Amino acid sequence: MTTNLDLNSIALRLKEQYGQVVFAEPDYLEVTAGALPHIAGYLKNTPGLDFDFLDMVTAADYTDRFELIYRLVSIKNNTVIALKVKCGRDRAEIPSLAGLWKGAQNQEREIYDLFGISFTGHPDMRRIVLWEGYEGHPLRKDFKEKAYDAGN
Amino acid sequence: MTLATEPFILNIGPLHPSTHGVFRMRVVLDGEIIQDVEPVFGYLHRGVEKLFEQRTYKQNIPLSDRLDYVSAINNNWPYVMAVEQLANISVPQRAEYLRVIMAELQRIASHLLAVGSVMNDMGIFFTAFMYMFREREKIVDLLEMVTGQRLLYNYMRFGGVSQDIPTEFLPALDRFLKVMPGYLDEYDTMLAGNEILLSRTKGIGVLKAETAINNSASGPLLRGSGVNWDLRKSAPYSVYDKFEFDVPLGTAGDCYDRYIIRMAEMRQSLRIIKQAVEQMPAGKEKTPTPLRLRPHAGETYTQVESPRGMLGCYLVSDGTEKPYRCHFRAPAFINLTVLKELLIGQKLADAIIIFGSIDISMGEVDR
Amino acid sequence: MASEIIGSGLLKGLRVTLKTLFKRPVTTQYPEQKLTISRRERGTVLAWSAEKCTGCYTCERACPHGCIDIETPEIGQKWTAQAPCTHRCPARVDAARYIRSIAEGKPGEAVAVIREKIPFPSVCAYICAHPCESACNRGAIDEPISIRKLKRYAVDNDSGEWRNMIKRALPTGKSVAVIGAGPAGLTVAYYLARKGHAVTVLEALPSPGGMMKVGIPDYRLPVRILDADIKEIENAGAVIKTGVRVESPAKLIAEGYNAVFVGVGAHQAMPLGVPGESEPGVLGGVDFLREVNLGTPVKLGKRVAIVGGGNTAIDCARTAVRMGASEVSLVYRRTRAEMPAAPEEVEEAVEEGVKLVFLAAPSKILRAEGKLFLECVRMKLGAEDSSGRRKPEPVSGSEYLTELDNIISAVSQSPVIPKSFAMKADRGSRLIVDPETLVASAGIFAGGDDVLGPATVIECIAQGRTAASSIDLYLGGNGDITEVFTAPEKVAERTGGPLEAFRPFGDAIAHEKRLHTFEGVEIGWSNEDALLEASRCLRCDLTYKPEKWQLKGGQCIYCGLCVEACPFDALYMGYEYERNTYTAADQTLEKEALMTPEVRRPSGYMHPEIARSLPAQSLLLDTDKPKK
Amino acid sequence: MSTAFLLPATIAPDWPGNFWWHLLIMTVLLIAVLMISVIMFIWLERRVIARFQARVGPNRAGPFGLLQSFADVIKILTKEDIIPALADKPLFWIAPAMAFVPVLMILAVIPLSDGLQLADINVGVVYISAVSAITAIGIFMSGMSSNNKYSLIGAMREIAQLISFEIPMLLALAGLVMASSSMSISGVIGAQTIPFALTQPLAFVVFVIALLAEINRTPFDLVEADSELTAGFNTEYSGMKFAVLYLTEYSEAVVGSILISTFFLGGWRGPFLPGIIWLVIKMLASFFVILWIRSTIPRFRIDQSMKLAWKTLLPLAMFNLFIMAVKTVFAPGLTNWVAVPVYLAITAVIIIYWARFMRPGRQSVGI
């Protein structure tokens, strides 16, 4: 059975590693964008934690900010942890995790395509489902398009 | 002497017999050997996640069928579970068992389709495909008995399933359970020992366990590489903890293992269905929920083991009658990350088989 | 595999295909072979029944991509006697109609409609248990219409126009004594007085109202409201004498009353049935409420535990809070889902700081060195019982002690019938009467809580009406107690009826203020809220029969959501057919035929014909079973 | 059926050019026979394969769908004839004819019955092997000229196959020639008091496999591997030209089955029945085997088929040649039923032993 870890203890360990960049919420860790790669690498490579499997990356648009959710799974220990990163909506940039987990490549491209969050350090940051030169990012809340305006 | 050669660029798809939809691979060939691959997505992109934000919660259930049209019932599941968690709706036991039975039937149907189409790619002129469809037809009839539909069942509801099984269902299911193992044996006799098939699949498209994990592969692709990760075991949802079944694992991680694992998983699904039918309690098949449901504000992530892998649903509710954000972790889409590593250096003919053995369905990949 | 000879695998495969060559093909073959597709739920036809549809637009709202095209006339007509809400109401108050009156901005007419059935409109507007709302069809769509609050809006804005249509009957010279001025008794008094009988109500307590007065705290039912309704009853001619104790109804008959109605109610708290119940500091729920309501000083400690999950328990808890108890906890043996109390009241109680302890039942009450202790045992929910609620079972060895100042047992109440009454009662000491006429013995009638056991006000009123009409018959009247205060309704045109609207939130007074005063917690609705809420009504008793109901071409995906959503079961999805060969044309013909209601069959697979024809099904029969 | 009216006994059936009516009649007869049989064989193939796949097959046009093929022909002929803009037009035009004519030419030397034969040239075997190679050139031209990458790959595969499978085929035939000490077809048939399938089983096996590759049937249909190269060499063809190419494939199949029955099953020879009936029976039998294989066995990869040709068929053909040489030198008269089991045993031993080198799943050699 997948068990959730004691987030507070992990948060403490991370704090003494990287300082005040991690906040333990009831069911996820909130991480500042700058510290994301370090913390992800720490979670991946620390024996005892070794979250080797990146389950899911996605984002949500809260009209004043974006929130990215990273869901890491440790197949060895059968544990799950979720990271949440907030980033501003204008020129949103997040360091890419494609270097740590190849599995992040397509998902980050999709987020870039649909939300316009660009991932620095991604091997090829291009649109994935929409065509090049498409205007706007559909999953943003302020995205306007005829069909949807009619629908609303 | 050496000839001056130039790369030979070939577009496989979007309209190609064996891209299982409108997938497109832009491959660079040297003779028959693939030197570079660039998968091109989006030919079936329908903006499903945006559409989810346009409709009420209940209206989204039929939409979730359309994600992976080959295993529609498995697609309802995570979405329905997510809404149930947010609105804390309780599900009757009988409904859970019905869900399991239907989902496992659907899994068998989906695997049959996957294996059959791989055989087709391999050049058995539609024979294996037809045999598998012969059995898939039986399953579809069973599902139709219950749901009234044959492809997109729209079966699950918040707090249960849309309708209870008819009286004729269980006898028919028993008949199916009796004959299906015989058919699986028939396939094994016909295919598993076939030398040409072995020489086409063994050692082809080998995926190491670390690579698979690092690429977030899941489902038969991951288990074929010997990683024991099946959500029905490792994170049992619904009532899966009440059944005993094995998780078939591969050793080499090649196309042959994936094929064998799919065959074995069908047998395991049959086991699960048997037990579910025995254990299924009487009772209501759903707890009534209002048409315009308004879950509490919050977010949740639920996931199930679909025939293609870990199918997750990340749902954010703001307390209104429409989802604020709904994201599906599509296993087929993420499994395709590994495609490039698998294909480079292989022959063109093998590329088709490897691609087929990943078993995607475009509706899920492009969403 | 490797040990075998190369080629053996190929040969095996060849054998399999060769075997298949000599089997019957599984695909249906026509016209060579008669194609018989078994009758089954095909789910490819949407049939609509014209006479069940009331044009409520629910299906249109349910459709995922708006492919239902429906047009209704502005004017509807009455098509069924009673809407579900009216039908569910024990007193058959025509809720649907007065909601319409409110939607048309005529609260006075609404009150008149209510008064046609009950003499306590204001009381019901404040404290009715509203069974009507659980019957409301709107509940299946989002939330039921909050009928009680609409009623409250009506009585708050009453214009009193109903008085213009009061008809007084001539005195009949007959006299009736009513024992107990509770909801039942006062209802009897009211209607008998309207029929011209001389009615005397004898009440033991210092003030009339019965449970409405002493069982329900003032913050739910302010005294003036109750008194106003009782005033109306006195205006009708009933005489109320308080502080009078009656030895027996027979004696009253002897004193010259022609008939006696016994409505003494159920005023005794049921015992918990655990040892140590007689300890000082252990109170009965109703006794506690009565004393508080009558203003007799009650000494209550800081830490109070209430046992029970009903409305009385909640009332006790909230009253205790208002009396300054700081730690009020409510012990219930099931979970919140099973609580019989009204959910909104539980919500308000929690807001006021009442601690809810679920899955616990008192096992012992003991007093050690002057302190009072309650020992509870943890429960767990077992299988569902007949009532559909899951039965709690004690978890042995899970007992725990709590130190308290007071324990209030509010599990249930039972009637207390004095011996001197000499009336037959059952084990629950409820009076045994004729269920139709409520006759206990010659000239003596009984009704209300003392017959039903602890019941809601509206049920008692309903019994009062029955009793009144049968007493009138007994006294030689025609037994017809119906009153008409309104002109017959001419069915109005649809006023909006927006399906998008949700129930407006009822406001309550700030809860720090609540904690100390007994004034009414709930605040009535503003006109806008009331109109909006009233316009949400589906008008189940009217039909706006659609001039057009059709699917926009080819858009339907047969998801069946509209069928599930339809409150009136006017839609049916499914299709059964059996034919030798079929073409698209045939199917469309069949579909058109199916659109007429008389071809509709029960949906689902249970159709007997289906059962019979199932074995004929081509693909589920396994004639080609491979040898294992 | 007697053919005395065609061939007076006084004239040896050598090069009957002086009987012009004989030429005329035979040519017309052969073309007619080929056309009709091809169309019938197409119907037969579709029906038989359908039954192999538990289907019914075409059954609507005419009784038992007999007219289906005619309907298809009409449909194809009425299609628009498209030529790709960048195609090499002359080649594109010539290719179908180049492919089809040689198939017809092969028939010229096949005796349909005793002496019922257009020309009995004394180097028939060489003639056949020479002419049959031209078809491949036609197919190569079609693939080359249509300027489509799929077609190009198909064409390359075609040539590769031709080169590698021609040799074992010829070596197998050489064994026949040795045994019958004649190169004319009638001579080969005349020598088959016992069909060569029994006296030279090894050659039979090699010849059949090589023939399958020559006529591009499964498991060697790499030229038009529809799952990899959408339709291979004839992707760009349509209308009349496509019809001709299509005709070519099936007439290849027909002629192939004629060749098998002529070389190894004793041609028209047989008791009781007229020779042409026997020939038809044997044709059908060998065609049925071809269909059977097609509906069961997956396709080889190109390198695997090359491997098969060079590493298996060639040595086996050599063995056969060696055995025949030894026999003709030391035991020239040893062609009676007693020897048949010996031949079979030797063949079985050799094949089984040799197959040990061909385990599947090894790393495959590149082309």
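These protein sequence lines are chains A, B, C and D, in that order. For the numbering used here, count along the first sequence from 1 and bump the result up by 66. For the numbering used here, count along the second sequence from 1 and bump the result up by 41. For the numbering used here, count along the third sequence from 1 and bump the result up by 14. If you count the fourth sequence from 1, position 328 lands on 308 in the numbering used here, and the numbers rise without skipping. Every residue, glycine too, gets a C-beta built ideally from N, C-alpha and C. What you are looking at is a predicted structure, and each value in this text was computed from that prediction instead of being measured.
query: Out of Asp463(C), Leu164(C) and Ala168(C), which one is the CA nearest neighbour of valine 276(C)?; result: Asp463(C)
query: List the whole-angstrom C-beta distance separating arginine 333(B) from aspartate 156(C), where the pair is believed to meet the contact cut-off of C-beta under 8 Å.; result: 4 Å
query: Using a Cβ-Cβ cutoff of less than 8 Å, which residues in the same chain neighbour threonine 349(C) once the five nearest sequence positions on both sides are dropped?; result: Phe372, Leu373 and Leu395
query: Please classify proline 92(A): is it buried, with 16 or more other beta-carbons within 10 angstroms of its beta-carbon, or exposed?; result: exposed
query: Would leucine 44(B) be called buried (16 or more neighbouring beta carbons within 10 Å of its own) or exposed?; result: exposed
query: Does any residue of chain B have a CB that is nearer than 9 Å to the CB of isoleucine 141(A)?; result: yes
query: Suppose only complete runs of 4+ residues qualify. What are the alpha helix (DSSP H) ranges in the region 464 to 502 of chain C, listed by chain order?; result: 471 to 488
query: Give me the residue from Leu308(C), Lys313(C) and Ala331(C) with the minimum Cα distance to glycine 299(C).; result: Ala331(C)
query: For a test of the three-state rule: what should DSSP assign to threonine 451(C), helix, strand or coil?; result: coil
query: Quick check on this structure: which residue in Ala51(D), Val81(D) and Gln48(D) has the alpha carbon closest to the alpha carbon of threonine 7(D)?; result: Val81(D)
query: For arginine 317(C), which three-state DSSP category applies?; result: strand
query: What span of residues does the alpha helix (DSSP H) with asparagine 541(C) cover, start to end?; result: 541 to 549
query: Please list the partners that asparagine 117(B) has in chain A, where partner means a Cβ-to-Cβ separation under 9 Å.; result: Near asparagine 117(B) there are no residues of chain A at all, since even the closest Cβ is about 19 Å away, more than 9 Å.
query: Residues in its own chain within less than 7 Å of isoleucine 302(B) by CB, not counting five upstream and five downstream?; result: Pro261, Arg264, Gly265, Pro289 and Gly291
query: Enumerate in chain order the residues of its own chain whose CB-to-CB distance from valine 360(C) is below 8 Å, with the five nearest sequence positions on each side excluded.; result: Ile328, Arg350, Met353 and Leu370
query: Verify the CB distance criterion: does serine 285(D) have a CB-CB separation below 9 Å to chain C?; result: no
query: Assign proline 289(C) to buried or exposed, taking buried as 16 or more other Cβ atoms, counted over all protein chains shown, within 10 Å of its Cβ.; result: exposed
query: Quick check on the DSSP output: the beta strand (DSSP E) that includes glutamate 60(D) runs from which residue to which?; result: First-last for glutamate 60(D): undefined, no H or E at that position.
query: Compare the C-alpha of alanine 149(C) against each of Gly187(C), Asn272(C) and Cys551(C) and name the closest.; result: Cys551(C)
query: Glycine 202(A) CB to nearest chain B CB: under 9 Å?; result: no
query: If you run the structure through DSSP and keep just helix, strand and coil, what is glutamate 341(C)?; result: strand
query: First and last residue of the alpha helix (DSSP H) that includes isoleucine 244(C)?; result: 237 to 249
query: What does the Cβ neighbour count give for glycine 90(C), buried or exposed, with the cut at 16 atoms within 10 Å?; result: buried
query: Output needed for aspartate 419(C): all residues of its chain with C-beta closer than 7 Å, excluding positions within five of it in sequence on either side, in chain order.; result: Gly295, Gly315, Lys316, Arg317, Val318 and Leu386
query: By Cβ distance below 8 Å, which residues in the same chain neighbour methionine 226(C) in space, the five residues on each side in sequence not counted?; result: Phe134, Val137, Ile141, Gly196, Pro197, Leu235, Leu240 and Val471
query: Could you round the C-beta distance between lysine 274(B) and alanine 136(B) to whole angstroms and report it? I think they count as a contact, below 8 Å.; result: Contact doesn't hold; Cβ gap of about 22 Å is too wide.
query: For glycine 350(B) and alanine 64(C), I'd like the C-alpha separation in whole angstroms.; result: 47 Å
query: Got a sec: which bits of the region 549 to 568 of chain C sit with their beta carbon under 8 Å from any beta carbon on chain D, in order along the chain?; result: none
query: Who are the near neighbours of glutamate 211(A) in its chain, counting only those whose CB is closer than 8 Å to its CB and skipping five residues on each side?; result: Gly202 and Pro204
query: Take lysine 168(A) as the anchor and find which of Ile105(A), Phe119(A) and Tyr108(A) has the nearest alpha-carbon.; result: Phe119(A)
query: Leaving aside the five residues before and after isoleucine 133(D) along the sequence, list all residues of the same chain whose C-beta is less than 6 Å from its C-beta, in chain order.; result: Leu209
query: May I have a chain-ordered list of the beta strand (DSSP E) segments no shorter than 3 residues that lie completely inside the region 319 to 391 of chain C?; result: 341 to 345, 369 to 371 and 374 to 382
query: Are the Cβ atoms of glycine 490(C) and serine 484(C) separated by less than 9 Å?; result: no
query: Would you kindly check if the distance between the Cβ of proline 406(C) and the Cβ of arginine 347(C) is under 9 Å?; result: yes
query: Quick one: which chain D residues come within Cβ less than 7 Å of arginine 175(B)?; result: Ala34
query: Assign glycine 411(C) to one of three DSSP states: helix, strand, or coil.; result: coil
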